[in-house]
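Residue numbers (the working numbering): 51 to 629.
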């Protein structure tokens with residue numbers, strides 16, 4: 051049973067899903083959305099002597115967590131402009147995008163000149179050797195060597211021991227904007243174990259099973275869908291390199307970051323300290339909610355206002371990689387996370403996670419996943435963004451693990467294991483998506499919606515998701531008579547489209563379409579279109595319907611009888627907002 055930050059998935063691969071908040075120095079384009087389509091920037095061997103690291107693994111020593119010295123390293127980064135915006139400005143759009151395709155030649159050409167920023171990009175982003183004098187001009191090199199951020203090479207130069215990637219930590223809705231840096235294993239910044247080849251360990255001696263990834267598509271998707279509001283306590287369950295913890299630390303007084311992998315917790319501490327947020331982030335080792343359930347200091351079994359998790363959701367026949375494989379049968383890890391979340395949420399608190407779920411023969415996936423929420427006391431919005439058949443899914447994660455680079459016989463053996471496991475469980479497909487839970491108001495009947503939405507959306511969606519739950523509260527508290535007695539306004543950037551035969555006076559049907567948020571579209575009749583257009587916040591719904599009835603010479607009683615169902619739909623989907 052493990053909880054460690056998972057890699058990106060195809061669940062949210064459209065360009066529309068990515069925003070300025072997703073900026074890292076090599077994570078910017080749709081080319082980086084699917085691990086099967088690319089590998090991360092090339093890794094670089096170092097000559098560091100083996101040393102004990104968290105977890106007792108014999109490998110290259112990890113950098114020391116020393117707040118004062120890390121602060122001086124951060125100051126050097128800021129002074130040199132080693133930030134997401136600074137790297138983009140130095141490299142240019144084309145070279146920046148090429149990094150996401152694991153093509154470093156354009157970036158190497160752009161950093162050929164002298165200066166602190168080109169040196170830092172070569173060291174930590176491109177993971178190339180630089181001379182000692184060059185490094186000394188860019189950062190406190192002797193401290194960086196002593197603290198294991200850098201290591202000496204046989205030629206007398208220096209190399210980075212870890213990947214340090216600038217990250218623009220400015221998700222909409224946070225209380226402040228600031229640069230951050232994500233620290234992860236060399237070669238695994240965005241692409242999983244495939245980035246270090248097919249061997250048993252990295253060139254630094256790190257077992258593949260313990261690799262810690264940096265920023266990828268999944269982590270930016272979760273950051274973008276998270277509800278951002280000032281809170282007392284937040285939990286990042288399966289923190290990995292600490293990406294979600296950094297976001298939460300911008301608006302939470304205290305953040306607890308947990309992981310089953312001790313190396314991941316060390317990387318999360320490094321990321322937090324380097325980003326100036328170390329005082330707000332507490333790291334705890336353990337699986338699922340174990341690290342917060344046993345400590346009396348947490349009170350009430352460890353309750354939080356916000357829980358976020360990019361868990362190891364990959365449905366695999368074994369637990370080869372801590373960062374992606376849950377170590378449970380099928381999708382049991384995601385199910386366990388959902389079923390246990392409610393007891394760890396404060397009233398009105400949110401739990402948001404990315405997940406994979408099985409499509410089992412003879413079962414509707416919606417009913418299956420929605421059943422996880424039963425008994426939690428939570429409202430839930432479950433969105434499936436993509437579905438893959440078992441063969442495509444297996445190939446995706448075999449490539450992520452670098453198996454395609456090994457022997458053909460071993461690749462085919464592992465491929466067969468995946469298909470055998472799926473066949474035994476009657477799995478016909480695997481869904482990718484996100485789940486948002488909110489502890490429902492006391493005494494209220496929870497609302498659970500599971501839907502498929504593979505279409506482009508506008509990120510960040512955090513505010514949209516928070517508004518969706520607020521509208522459920524409104525609908526739950528209003529019967530049909532109350533709906534007719536309420537006032538509404540049309541949401542921003544909703545447009546009307548008419549569909550029909552060219553030249554005909556009347557359209558066959560009318561479509562309302564959102565240009566923001568989920569970008570939904572829904573079919574309405576002429577009464578529905580007229581009603582929506584008249585909703586500007588001052589008139590009651592019943593009065594608008596009476597006016598439409600007079601205009602169309604319709605029976606107002608009939609319109610009032612059939613209108614509440616359509617009003618509920620338009621409010622639930624965000625076309626109409628309670629005024």
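Backbone N, C-alpha and C define an ideal beta-carbon position, used for all residues, glycine too.
Asked: Helix, strand or coil for residue 229, going by three-state DSSP, please let me know.; Found: strand
Asked: Taking residue 515 and residue 431 to be in contact with their CB atoms under 8 Å, please state how far apart those CB atoms are, rounded to whole angstroms.; Found: 7 Å
Asked: Check each candidate in 175, 477, 617 and 424 and name the one with the smallest Cα separation from residue 438.; Found: 477
Asked: Can you give the Cα-Cα distance for residue 114 and residue 286, rounded to whole angstroms?; Found: 22 Å
Asked: Starting from residue 406 and walking both ways along the beta strand (DSSP E), at which residues does that stretch end?; Found: 395-410
Asked: DSSP state of residue 413, grouped into three classes?; Found: coil
Asked: Near residue 194, what residues of its chain come up, given a Cβ to Cβ distance below 6 Å and the 5 sequence neighbours on each side ignored?; Found: 200
Asked: Which partner residues does residue 573 have in the DSSP bridge list?; Found: 561
Asked: For residue 280, does the count of other Cβ atoms within 10 angstroms reach 16, so buried, or fall short, so exposed?; Found: exposed
Asked: Tell me whether residue 337 sits in a helix, a strand or coil according to DSSP, three-state version.; Found: coil
Asked: Let me know the secondary structure DSSP gives residue 518 once reduced to three states.; Found: helix
Asked: Check whether the Cβ of residue 533 lies closer than 7 Å to any heavy atom of the ligand NAP, and answer yes or no.; Found: In the structure shown, the ligand NAP is absent, as is every other ligand, since no ligand is present at all.
Asked: Classify residue 134 as helix, strand or coil using the three-state DSSP reduction.; Found: helix
Asked: Count the CB pairs spanning the region 395-405 and the region 357-372 that are closer than 8 Å, and state whether there are at least three.; Found: yes
Asked: According to DSSP, simplified to helix, strand and coil, what is residue 200?; Found: strand
Asked: Assuming residue 375 contacts residue 366 under a Cβ cut-off of 8 Å, what Cβ separation, rounded to an integer in Å, is found between them?; Found: 5 Å
Asked: I need the straight-line Cα distance from residue 500 to residue 433, nearest angstrom please.; Found: 6 Å
Asked: Would you check if there are 3 or more beta carbon pairs closer than 8 Å linking the region 300-314 to the region 327-343?; Found: yes
Asked: Just verifying my parser: in three-state terms, what is the DSSP assignment at residue 609?; Found: helix
Asked: Could you check how far apart the C-beta atoms of residue 522 and residue 541 are, in whole angstroms? I think they sit under 8 Å.; Found: So it is not a contact: roughly 16 Å between Cβ atoms.
Asked: Determine whether the beta carbon atoms of residue 180 and residue 189 lie at a separation below 8 Å.; Found: no
Asked: Does the beta-carbon of residue 636 have 16 or more other beta-carbons within 10 angstroms, so that it is buried, or is it exposed?; Found: Outside the displayed span of the chain (51 to 629) sits residue 636, for which this structure offers no information.
Asked: Return the CA-CA distance between residue 371 and residue 560, expressed in angstroms with no decimal places.; Found: 50 Å
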